[in-house]
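Chemist: Numbering (our numbering), first residue to last: 964 to 1135.
We treat Cβ as the ideally placed atom computed from N, Cα and C, and that holds for glycine.
The structure displayed is predicted, hence computed values, not measured ones.
Sharing a structure here in structure tokens format.
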Amino acid sequence: MSASLTEAQVRERSKTVIRRIGWRMVAVGDRLTLRRKVMGRKPGEPLIRITEAEIVAIDREPLDTISSEDLAAEGFPQMTPCEFVKVFCNSHKGCRPDSTVTRIQWRYLDDEPATRRIASVAKPAADHELDEAHGRTVKYNGHLDGEIGDQHPGRLPLANMNDAETQTGQEL
């Protein structure tokens, strides 16, 4: 899952909620790999992994019912609910203030801010994923789902990965 607009909040572990259009395929207990950017990468631009989280709650609700408390959990404590709704609608084609969105809440699997765990990370080759959580690169076969992992039905398997963790079936 992309955290491009709230990377600093994810690294600080202050962001624990996100709203998405759709996303009905997730379930409590699913793992998320939070990344710098997933969609819109340039050719050869690596997937940069920030950390992993586990979904603890999922709700479907109108976008314009967001509370001030949830704005802080979203990583935008300085915004008003109206400002957040306007920004969200402007960045999601066809979204209206009363559109039903999926509210996903997670817990971090490591709870330690990423800035304390990583001193430096080398830039990977184009066919590698940068794993900032562990300070290494992982070669992948180009079919990496990367957002939820292989435990969810309908997802591409994490096969042909050249990484000991994925050989044991664990999520990246």
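Using only CA atoms, which one of A1020, M1042 and V1019 lies nearest to S1030?
Modeler: Nearest C-alpha to S1030: M1042.
Chemist: With a cut-off of 8 Å on the beta carbons, I'd call I961 and E970 a contact; round off their distance for me.
Modeler: This structure leaves residue 961 out entirely; the chain is present only between 964 and 1135.
Chemist: State the Cα-Cα distance for the pair V1048 and R999, rounded to the nearest angstrom.
Modeler: Their Cα atoms are separated by approximately 22 Å.
Chemist: Rounded to whole angstroms, what is the Cα-Cα separation between L1072 and I1018?
Modeler: When rounded, the distance between both Cα atoms is 10 Å.
Chemist: Entirely within the segment 1019 to 1063 and at least 4 residues each: give me those alpha helix (DSSP H) ranges in chain order.
Modeler: For the segment 1019 to 1063, whole alpha helix (DSSP H) runs of length 4 or above, ordered along the chain, are 1031 to 1037 and 1044 to 1054.
Chemist: Which residue comes first and which comes last in the beta strand (DSSP E) that contains R982?
Modeler: Per DSSP, R982 belongs to the beta strand (DSSP E) from V980 to R983.
Chemist: Is it buried or exposed, G1038, if we count other Cβ atoms within 10 angstroms and call 16 or more buried?
Modeler: Buried, because 16 or more other Cβ atoms sit within 10 Å of the Cβ of G1038.
Chemist: Going by C-alpha to C-alpha distance, which of K978, V973, M964 and A966 sits closest to E1032?
Modeler: Considering only alpha carbons, the answer is K978.
Chemist: Taking the alpha carbon of V973 as the point to measure from, which residue in L995, V991, V989 and A990 has its own alpha carbon closest?
Modeler: Nearest option by C-alpha distance: L995.
Chemist: Of the choices S965, I981 and S967, whose alpha-carbon is the least far from that of A1035?
Modeler: Minimum Cα distance to A1035 is reached at I981.
Chemist: Distance, Cα to Cα, L1010 vs C1058?
Modeler: One C-alpha to the other measures close to 27 Å.
Chemist: Beta strand (DSSP E) containing R999: first to last residue?
Modeler: First-last for R999: undefined, no H or E at that position.
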